[in-house]
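A.B. asks:
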Amino acid sequence: MSKPPDLVQGTLDLLLLKILALEPLHGWAIGQRLRQVSDTQLQVSDGSLYPALHKLELAGWIAAEWKTTELGRRAKFYSLTRAGRRRLDQETEEWRRLSSAITRVLQLKEV
Amino acid sequence: MSWRWIHALTAHLRAIVRPARAERDLDDEMSFHIAMQTRMNSEAGMSEAEANRKARIAFGGLEPIKEHSRDVRPLRWARDLLQDLRYAQRSLRRAPGFTAVAIVTLALGIGANTALFSVVSSVLLRPLAFPEPDRLVRVWAFIPSANVRRPPALPDYRELRDRNRTFDELGAYASGSYSATGTDRPEFLPSVQVTASIWSVLKVTPLHGQLFTDAAQQWGNHRVVVLSHELWQRRFGGDPRAIGRVVELDGQPFTVVAVMPRSFVFGAPSTQVWTPMAFAPGDAADSRNTYFIELLGRLQQGITLPQSYADLAIIAEDLDQRFSKSGVGIALEDWQESMVGPIRPTLLLLLGAVGLVLLIACANVANLLLARTTTREQELTVRATLGAGRGRLARQLLTEHLVLASLGAAAALPLAYALVRAIPLLGPIGLPRLGEIAVDSRVAGFAALLALATGVAFGVWPARHAGRVSVVGSLKQTARSVVGGRARARRVLVTAEIALSLVLVVGAALLIVSLQRVLRVDPGFEPDHLLTARLNLPRAQFVDGERTRRFLNQVTADVAALPGIRAAGITTTLPLGDGEWGRMLTIDGRPAPTSFAQVPMIRYRLVTLDYFRAMGAAVRRGRAFTTDDAAGAPLVTIVNETMARRFWPDDDPIGQQISFFPPESLLPNSTTRFPRHTIIGVIADLRQSGLERDPEAEAFVPFAQSGNQSGSVHFLAARTTGDPLAAVAVIESTVHRIDRNVPVANVRSMESRLSDSVAQRRVVMLMVGGFAVLAVVIAVVGIYGVMAYMVGLRRTELGVRAAMGATAAQLVRIVITEGMQMTLAGIAIGLVLAGALSRLLVAQLFQIEAIDPLLYATATTLIVGVAGLACSVPVYRAVRINPATVLRGE
Numbered sequence: 020m021s022k023p024p025d026l027v028q029g030t031l032d033l034l035l036l037k038i039l040a041l042e043p044l045h046g047w048a049i050g051q052r053l054r055q056v057s058d059t060q061l062q063v064s065d066g067s068l069y070p071a072l073h074k075l076e077l078a079g080w081i082a083a084e085w086k087t088t089e090l091g092r093r094a095k096f097y098s099l100t101r102a103g104r105r106r107l108d109q110e111t112e113e114w115r116r117l118s119s120a121i122t123r124v125l126q127l128k129e130v
Numbered sequence: 041m042s043w044r045w046i047h048a049l050t051a052h053l054r055a056i057v058r059p060a061r062a063e064r065d066l067d068d069e070m071s072f073h074i075a076m077q078t079r080m081n082s083e084a085g086m087s088e089a090e091a092n093r094k095a096r097i098a099f100g101g102l103e104p105i106k107e108h109s110r111d112v113r114p115l116r117w118a119r120d121l122l123q124d125l126r127y128a129q130r131s132l133r134r135a136p137g138f139t140a141v142a143i144v145t146l147a148l149g150i151g152a153n154t155a156l157f158s159v160v161s162s163v164l165l166r167p168l169a170f171p172e173p174d175r176l177v178r179v180w181a182f183i184p185s186a187n188v189r190r191p192p193a194l195p196d197y198r199e200l201r202d203r204n205r206t207f208d209e210l211g212a213y214a215s216g217s218y219s220a221t222g223t224d225r226p227e228f229l230p231s232v233q234v235t236a237s238i239w240s241v242l243k244v245t246p247l248h249g250q251l252f253t254d255a256a257q258q259w260g261n262h263r264v265v266v267l268s269h270e271l272w273q274r275r276f277g278g279d280p281r282a283i284g285r286v287v288e289l290d291g292q293p294f295t296v297v298a299v300m301p302r303s304f305v306f307g308a309p310s311t312q313v314w315t316p317m318a319f320a321p322g323d324a325a326d327s328r329n330t331y332f333i334e335l336l337g338r339l340q341q342g343i344t345l346p347q348s349y350a351d352l353a354i355i356a357e358d359l360d361q362r363f364s365k366s367g368v369g370i371a372l373e374d375w376q377e378s379m380v381g382p383i384r385p386t387l388l389l390l391l392g393a394v395g396l397v398l399l400i401a402c403a404n405v406a407n408l409l410l411a412r413t414t415t416r417e418q419e420l421t422v423r424a425t426l427g428a429g430r431g432r433l434a435r436q437l438l439t440e441h442l443v444l445a446s447l448g449a450a451a452a453l454p455l456a457y458a459l460v461r462a463i464p465l466l467g468p469i470g471l472p473r474l475g476e477i478a479v480d481s482r483v484a485g486f487a488a489l490l491a492l493a494t495g496v497a498f499g500v501w502p503a504r505h506a507g508r509v510s511v512v513g514s515l516k517q518t519a520r521s522v523v524g525g526r527a528r529a530r531r532v533l534v535t536a537e538i539a540l541s542l543v544l545v546v547g548a549a550l551l552i553v554s555l556q557r558v559l560r561v562d563p564g565f566e567p568d569h570l571l572t573a574r575l576n577l578p579r580a581q582f583v584d585g586e587r588t589r590r591f592l593n594q595v596t597a598d599v600a601a602l603p604g605i606r607a608a609g610i611t612t613t614l615p616l617g618d619g620e621w622g623r624m625l626t627i628d629g630r631p632a633p634t635s636f637a638q639v640p641m642i643r644y645r646l647v648t649l650d651y652f653r654a655m656g657a658a659v660r661r662g663r664a665f666t667t668d669d670a671a672g673a674p675l676v677t678i679v680n681e682t683m684a685r686r687f688w689p690d691d692d693p694i695g696q697q698i699s700f701f702p703p704e705s706l707l708p709n710s711t712t713r714f715p716r717h718t719i720i721g722v723i724a725d726l727r728q729s730g731l732e733r734d735p736e737a738e739a740f741v742p743f744a745q746s747g748n749q750s751g752s753v754h755f756l757a758a759r760t761t762g763d764p765l766a767a768v769a770v771i772e773s774t775v776h777r778i779d780r781n782v783p784v785a786n787v788r789s790m791e792s793r794l795s796d797s798v799a800q801r802r803v804v805m806l807m808v809g810g811f812a813v814l815a816v817v818i819a820v821v822g823i824y825g826v827m828a829y830m831v832g833l834r835r836t837e838l839g840v841r842a843a844m845g846a847t848a849a850q851l852v853r854i855v856i857t858e859g860m861q862m863t864l865a866g867i868a869i870g871l872v873l874a875g876a877l878s879r880l881l882v883a884q885l886f887q888i889e890a891i892d893p894l895l896y897a898t899a900t901t902l903i904v905g906v907a908g909l910a911c912s913v914p915v916y917r918a919v920r921i922n923p924a925t926v927l928r929g930e
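If you read the protein sequences in the order shown, they are chains H and Z.
Just add 19 to wherever you are in the first sequence, counting from 1, and you've got the numbering used here.
Just add 40 to wherever you are in the second sequence, counting from 1, and you've got the numbering used here.
Put into structure tokens, the structure is as follows:
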């Protein structure tokens with residue numbers, strides 16, 4: 020069995036941090052949100068989502084808490100920690116630099 | 041410390057401390073996800089069941105995703121290990137027969153290896169049990185022209201000790217023996233005479249009392265004795281007040297000054313007493329022409345062997361210039377190396393042989409595992425479907441194999457312990473440091489390492505196969521096609537087993553033939569019905585040749601007169617005993633050598649008149665000694681065939697005049713004329729130092745004509761009419777009646793001495809032979825297993841063939857071909873390997889070449905034979921296949 024292919028290395032982490040920066044969410048909602056905001060361009064398989072969330076939790080970027088949802092079921096809500104926010108800022112900055120560099124390369128005129 | 045670490049830490053702790061809770065959380069989270077998805081699906085208008093099904097499909101495999109999540113959790117490996125261990129335990133229990141066979145095979149392999157390794161570890165690797173043992177060095181005189189080392193002379197030792205600049209201390213010692221007298225029955229005590237400096241060389245302290253000092257080496261002050269722990273227990277019951285008491289040695293009173301600890305071994309392990317090295321003024325032992333002492337020194341801190349050699353070589357050269365002028369130099373060797381160096385090749389050889397057995401055992405267990413992996417296909421496939429990765433499956437199997445190997449090693453340790461305890465029972469095999477051999481932590485570590493190595497060795501192949509389990513593949517394919525690859529692997533393993541077994545069988549056969557040929561060597565005497573004993577004549581009592589002769593004549597006369605004794609003789613050197621005497625040889629009428637180094641050396645023995653008759657040695661030419669060869673008569677001698685051949689290859693030695701001294705021309709300032717002996721006979725070569733050693737030139741002189749020479753070591757040889765051991769008691773009492781201070785020691789039949797002289801060879805042969813038998817048995821089990829398995833697989837095919845009219849002979853041929861392919865391939869590889877490896881045996885071989893075509897052919901036939909036997913049961917089954925049953929069953 021091989022793991023489902025990831026997005027560009029490291030970008031899934033960035034996206035998850037960003038979504039959780041807006042509000043605490045449970046796993047299913049995170050997946051839905053990701054699909055909505057990216058106009059279904061970004062689809063993260065559940066097989067990648069949960070291990071990634073658990074990894075971020077263990078790293079201390081996000082924290083998890085069991086809460087009861089509006090439907091009365093217990094769900095695991097993830098929220099950004101303070102360190103996670105700083106991390107998000109760094110990663111965002113990093114991503115901007117990288118993507119603008121890539122954009123500049125792609126804008127080169129062919130002779 | 042930022043908040044992040046606190047979050048991370050609590051998350052880790054939760055996962056580690058409450059693993060069950062973590063599992064439940066994971067379940068809850070996943071089922072919540074599915075519930076949400078189901079709800080969304082049903083809101084989109086699906087039926088309840090359909091919504092749930094779609095949600096599950098969208099989610100993908102639940103278990104694999106959980107596995108990935110578990111992967112990121114801390115201590116994943118530890119939890120896996122625990123889980124794997126549980127699986128291993130469960131699956132080994134489910135197959136008790138397989139588990140038992142595998143563990144027994146491994147226990148035998150690892151046990152034998154561990155036992156042999158404890159010998160290698162204790163004898164070769166562990167430093168000697170003295171402080172800073174790497175600084176202890178043996179020193180010899182060295183004769184470059186003959187490339188031999190010899191003991192230095194006592195006066196030379198003193199100069200070496202006083203003038204060297206590289207030793208903290210240099211000591212001398214010599215083995216000997218005493219008769220403990222003054223009691224009812226004289227006792228033979230092996231002893232070592234030591235200079236007081238030996239104590240500082242060894243840096244030892246006694247258990248009780250004080251070790252003697254240099255002052256005890258003054259003749260007159262020398263009657264002090266250091267007791268072994270054993271003798272102290274035996275004679276004084278372990279009483280510390282033994283210090284200061286007097287024991288009688290050789291009829292002289294010696295004061296006990298010290299008792300050594302139980303662990304102290306210096307000299308032969310049987311040594312009971314240590315006395316000062318002291319000689320009366322004018323004693324011939326203390327001269328530059330007498331060589332009997334051994335030197336042991338402690339190097340100064342930081343001094344190397346070559347530095348010390350350079351230092352001593354200058355002194356040795358000076359000594360040679362001043363005294364012998366024959367180019368005698370010096371030789372140094374690390375003490376431990378000088379002790380264990382000779383046995384090293386033999387031990388390593390055995391370790392190699394037993395290593396092959398372990399390889400075969402591993403191959404066999406791998407074989408069993410492959411067979412089992414086939415039957416476990418289903419289980420592994422299920423595990424893979426549930427999300428176990430390829431590596432994970434392989435790891436689980438490897439854990440199982442390591443558990444198997446560890447169980448094997450655990451069973452091997454008591455086996456190794458028992459084997460090591462049994463080593464002293466092997467007889468006098470000449471193994472140094474015998475008392476130190478033990479199963480210690482290093483040995484246990486070795487066993488653990490072996491377990492790991494074997495677990496990996498036999499486990500990796502099957503584990504790799506398991507790693508290739510393809511979910512789709514094994515669902516689609518029938519069992520038989522999957523099995524094809526395994527069958528090939530199993531055939532390769534069996535081929536390897538056959539090859540390695542053949543190597544061991546060839547090695548064992550070479551050793552067996554060598555031993556047979558050694559035992560067929562004519563010793564030059566008749567060893568049956570021959571009783572031998574050692575008579576130690578106390579020096580203080582037997583001060584001159586006359587007293588010694590009187591005693592010896594009395595003993596031979598009285599013993600020969602006993603009923604059941606046909607003849608009795610006494611000698612100074614018994615074959616396979618000890619007490620070597622070397623003398624120079626000068627032949628009249630030949631040009632005299634110009635230096636001492638060129639004077640030939642021969643072996644010299646004193647004998648009573650009847651000695652040759654008692655030994656049953658044949659006089660080849662001339663005559664034996666008679667009563668006419670008495671004290672005043674012309675001096676005579678009998679030489680052995682080797683001496684006759686070496687010095688008189690073309691003429692008759694009978695009637696030649698020889699002396700056992702250097703030519704007078706080499707001693708310019710002396711007017712002495714040394715006595716001449718006339719050669720009156722040539723005797724058959726007696727194998728003095730073992731059946732395998734070529735005889736040396738020897739001359740025999742009657743005690744009656746030996747003048748004033750006397751030594752303390754003598755051997756009695758008595759030819760009996762019946763069982764020689766039946767005569768022991770009467771001979772002992774006869775000697776005791778003549779002189780109550782002479783112990784009759786080491787009373788043995790000559791046959792048992794002969795048997796002891798080949799003990800090491802016999803043990804090496806038995807061990808390699810045992811390994812070979814073990815290897816063949818394991819290989820036969822392997823062949824049988826694979827053949828039975830093949831026949832099982834080809835049941836249908838064989839049944840169809842039978843139904844189509846194939847005869848029994850044709851079916852037999854089909855099956856046999858299969859088995860013989862493996863056997864022949866194994867034999868081809870094995871013969872090449874044996875040809876290469878048997879070269880390592882050369883030192884152990886006697887009168888046979890490492891590559892002996894007949895022997896290789898015999899070994900090959902044996903292997904083919906047992907392989908055929910192993911095939912016979914599967915072949916029988918193949919012939920008995922009932923076509924009707926097979927066709928109905930499929």
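All residues carry an ideal CB built from backbone N, CA and C; glycine is no exception.
Which value, in whole angstroms, describes the spacing of the CA atoms of LEU127(H) and SER118(H)?
C.D. replies: 15 angstroms
A.B. asks: What would DSSP say about ALA758(Z), mapped onto helix, strand or coil?
C.D. replies: strand
A.B. asks: Exposed or buried, which one is ALA519(Z) when buried takes at least 16 other CB atoms within 10 Å?
C.D. replies: Confidence in ALA519(Z) is poor, its pLDDT being 44 and thus under 50, which makes the residue's placement unreliable; the coordinate value appears in the next sentence. Flag for ALA519(Z) reads exposed.
A.B. asks: Please classify VAL144(Z) as buried or exposed, where buried requires at least 16 other C-beta atoms within 10 Å of its C-beta.
C.D. replies: exposed
A.B. asks: Can you look up VAL523(Z) in the DSSP assignment and give me helix, strand or coil?
C.D. replies: With a pLDDT of 49 at VAL523(Z), under the threshold of 50, the modelled position of that residue is not reliable, and no figure is offered here.
A.B. asks: Which chain Z residues sit within Cβ distance under 8 angstroms of GLY91(H)?
C.D. replies: Those within 8 angstroms of GLY91(H) in chain Z number zero; the least Cβ separation is about 11 angstroms.
A.B. asks: ALA82(H) CB to nearest chain Z CB: under 7 angstroms?
C.D. replies: yes
A.B. asks: Kindly say whether LYS74(H), judged by its beta-carbon, lies nearer than 7 angstroms to any beta-carbon of chain Z.
C.D. replies: yes
A.B. asks: Buried or exposed for SER21(H), going by 16 or more other Cβ atoms inside 10 Å?
C.D. replies: Any answer about SER21(H) is weak, because its pLDDT of 37 lies below 50 and its placement is not dependable; what the coordinates show is given next. SER21(H) is exposed by the Cβ-count criterion.
A.B. asks: On the CB-based measure, 16 or more other CB atoms within 10 Å of its CB, does LEU122(Z) come out buried or exposed?
C.D. replies: exposed
A.B. asks: Under three-state DSSP, which class holds GLU76(H)?
C.D. replies: helix
A.B. asks: Should the stretch 307 to 320 of chain Z be regarded as contacting the stretch 261 to 273 of chain Z, the criterion being three or more beta carbon pairs within less than 8 angstroms?
C.D. replies: Using a C-beta cut-off of 8 angstroms, the stretch 307 to 320 of chain Z makes contact with the stretch 261 to 273 of chain Z, since at least three inter-stretch Cβ pairs fall below that distance.
A.B. asks: Could you tell me whether the stretch 65 to 77 of chain H touches the stretch 46 to 57 of chain H, using the rule of 3 or more Cβ pairs below 8 angstroms?
C.D. replies: yes
A.B. asks: Which first and last residues belong to the alpha helix (DSSP H) in which VAL817(Z) is found?
C.D. replies: 799 to 833
A.B. asks: Does DSSP put TYR218(Z) in a helix, in a strand, or in coil?
C.D. replies: In this structure, TYR218(Z) counts as strand in the three-state DSSP scheme.
A.B. asks: Since ASP65(Z) meets chain H, which of its residues come closer than 9 angstroms, beta carbon to beta carbon?
C.D. replies: ALA83, TRP85 and LYS95
A.B. asks: For LEU72(H) and HIS108(Z), what's the separation of their Cα atoms in angstroms?
C.D. replies: Looking at the two C-alpha atoms, the distance is approximately 11 angstroms.
A.B. asks: Would you say VAL112(Z) faces chain H, with C-beta separation under 7 angstroms as the test?
C.D. replies: yes
A.B. asks: Tell me the start and end of each unbroken beta strand (DSSP E) in the stretch 556 to 624 of chain Z that is at least 3 residues and wholly inside, in chain order.
C.D. replies: With a minimum length of 3 residues, the continuous beta strand (DSSP E) runs that stay inside the stretch 556 to 624 of chain Z are 570 to 576, 605 to 611 and 622 to 624.
A.B. asks: Taking a Cβ distance cut-off of 7 angstroms, strictly less, list which residues of the stretch 96 to 125 of chain H are near chain Z, in chain order.
C.D. replies: Within the stretch 96 to 125 of chain H, the qualifying residues are THR100, ARG101 and ALA102.
A.B. asks: Given this structure, state the Cα-to-Cα distance separating VAL232(Z) from ALA318(Z), to the nearest angstrom.
C.D. replies: 12 angstroms
A.B. asks: Measuring alpha carbon to alpha carbon, tell me which residue in ILE723(Z), LEU706(Z), SER710(Z) and GLU704(Z) is nearest ALA684(Z).
C.D. replies: ILE723(Z)
A.B. asks: Under 7 angstroms between the Cβ atoms of TRP80(H) and GLY50(H)?
C.D. replies: no
A.B. asks: Of the residues MET807(Z), ASN680(Z), ASP196(Z) and LEU465(Z), which one's Cα is nearest the Cα of TYR644(Z)?
C.D. replies: ASN680(Z)
A.B. asks: Name the chain Z residues that come within less than 8 angstroms of ASP65(H), Cβ to Cβ?
C.D. replies: HIS73, ALA98, PHE99, GLY100 and ILE105
A.B. asks: By Cβ distance below 8 angstroms, which residues in the same chain neighbour ILE38(H) in space, the five residues on each side in sequence not counted?
C.D. replies: LEU44, ILE49, ARG52, LEU53 and VAL56
A.B. asks: Under a Cβ-count criterion, where at least 16 other Cβ atoms within 10 Å of its own Cβ denotes burial, should THR50(Z) be classed as buried or exposed?
C.D. replies: exposed
A.B. asks: Could you tell me the boundaries of the beta strand (DSSP E) in which PRO230(Z) lies?
C.D. replies: DSSP places PRO230(Z) in the uninterrupted beta strand (DSSP E) bounded by 227 to 234.
A.B. asks: Just checking my contact of LEU571(Z) with VAL768(Z) at CB under 8 angstroms: how many whole Å lie between their CB atoms?
C.D. replies: 7 angstroms
A.B. asks: Thinking C-beta only, is ARG835(Z) closer than 7 angstroms to VAL926(Z)?
C.D. replies: yes
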